[in-house]
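The numbering of the sequence shown is our numbering, which starts it at 1 and goes up by one. Here's the structure we're looking at; comments come further down.
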Amino acid sequence: IYALTAYALKSLRRRCFGCQFLVFSELQCESRGGSDRLEQELVFFREGKFAFFFTRSQQTNQLPAGRNQWDKQLHPSVREPLLFLDRQAAELKAAFRRDFWMPERGCHALALDGDKQPVDALASNMGHALWSGIVDEDLAPAVASHLLSPEMFSGWGIRTMATSMAAYNPVSYHLGSVWPHDTALFAAGLKRYGDRGGVACVREALVALGLQSADLRLPELVGGFPRDCGIPPLPYIESRRPQAWSAAAM
1 IYALTAYALK SLRRRCFGCQ FLVFSELQCE SRGGSDRLEQ ELVFFREGKF
51 AFFFTRSQQT NQLPAGRNQW DKQLHPSVRE PLLFLDRQAA ELKAAFRRDF
101 WMPERGCHAL ALDGDKQPVD ALASNMGHAL WSGIVDEDLA PAVASHLLSP
151 EMFSGWGIRT MATSMAAYNP VSYHLGSVWP HDTALFAAGL KRYGDRGGVA
201 CVREALVALG LQSADLRLPE LVGGFPRDCG IPPLPYIESR RPQAWSAAAM
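Take a look at the structure:
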């Protein structure tokens, strides 16, 4: 546990820039390029202006959210570092609101660009923030409302990018498709903040998507076309099936 605590402390002391779960991390981003399919998507502003590009290898350290229920039973030499981490987490939560919340949009920024300016595209990443618990209680309803809007919710799940964004593409890997596991994280976030109606809506969408397959398997992702358009969900051309994280979404 000492090694884990030291690792967490080191993670928390990294320079702030981007956000993945509960740790900010500055990414060394590039302008263009990449051959892996996970490297083919770029980060755009709402109006379609290019923000930055990042690669698969640039992973952010993760710190599990929440307070251990048994921390009071721990030896003081272990408890004190955990209390320190609690304080650091509270500071991080405040910094996340300060740096990423866009009051004029009523949602969080997708990222900060190289000039530390908010990237204002409406994307499913906000659902991850709900899942992690880093969103303040008073902001959660606005975030959920965006993600359940027709722009974001296709009827089969949550689009990775809203239809109103200039870069939206319903058959793009990260710019408008629907991922079951991404949608499930959002559902877990809704449950965390007590939105039972939202959870039921998302759960019904995922079950309906699974029922579209003869073997009842959820694909890795599908196109972002709306469910009410009269056609079945369009599989993404390179979608893995079966896919473990999609199965876990159920």
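Ideal Cβ positions, reconstructed from N, Cα and C, are used throughout, including at glycine.
Burial state of residue i, where buried means 16 or more other Cβ atoms lie within 10 Å
| i | result |
| --- | --- |
| residue 204 | exposed |
| residue 242 | exposed |
| residue 164 | exposed |
| residue 233 | buried |
| residue 1 | In this prediction, residue 1 has a pLDDT of 35, which is less than 50 and means its spatial position is unreliable; nothing more can be read from the coordinates. |
| residue 102 | exposed |
| residue 220 | buried |
| residue 231 | exposed |
| residue 31 | Since pLDDT at residue 31 reaches only 45, below the 50 mark, its modelled position is unreliable, and the value read off the structure follows with that caveat. So residue 31 ends up on the exposed side. |
| residue 176 | buried |
| residue 162 | buried |
| residue 159 | buried |
| residue 293 | For the chain, the structure presents residues 1 to 250; residue 293 sits outside this window and is missing. |
| residue 195 | buried |
C-beta atoms of residue i and residue j nearer than 8 Å
| i | j | result |
| --- | --- | --- |
| residue 154 | residue 225 | yes |
| residue 209 | residue 157 | yes |
| residue 148 | residue 140 | no |
| residue 96 | residue 134 | yes |
| residue 183 | residue 199 | no |
| residue 114 | residue 171 | no |
| residue 99 | residue 82 | no |
Own chain, CB closer than 7 Å to residue i, minus 5 neighbours either side, in chain order
| i | result |
| --- | --- |
| residue 107 | 122, 126, 142, 143 and 146 |
| residue 110 | 43, 119, 121, 123 and 125 |
| residue 228 | 155 |
| residue 246 | 180, 181, 218, 219 and 220 |
| residue 235 | 219 and 222 |
Whole-number beta carbon distance between residue j and residue i, since they are thought to touch under 8 Å
| i | j | result |
| --- | --- | --- |
| residue 211 | residue 180 | Contact doesn't hold; Cβ gap of about 13 Å is too wide. |
| residue 218 | residue 249 | 6 Å |
Own chain residues within Cβ distance below 6 Å of residue i, not counting five before or after
| i | result |
| --- | --- |
| residue 188 | 131 |
| residue 128 | 185 |
| residue 117 | none |
| residue 151 | 162, 163 and 164 |
Residues of its chain near residue i, where Cβ-Cβ distance is below 8 Å and the 5 sequence neighbours each way are ignored
| i | result |
| --- | --- |
| residue 136 | 93 and 97 |
| residue 69 | Its pLDDT being 48, under 50, residue 69 is placed unreliably by the model, and the measurement read from it follows with that caveat. Excluding positions up to five away in sequence, the list is empty. |
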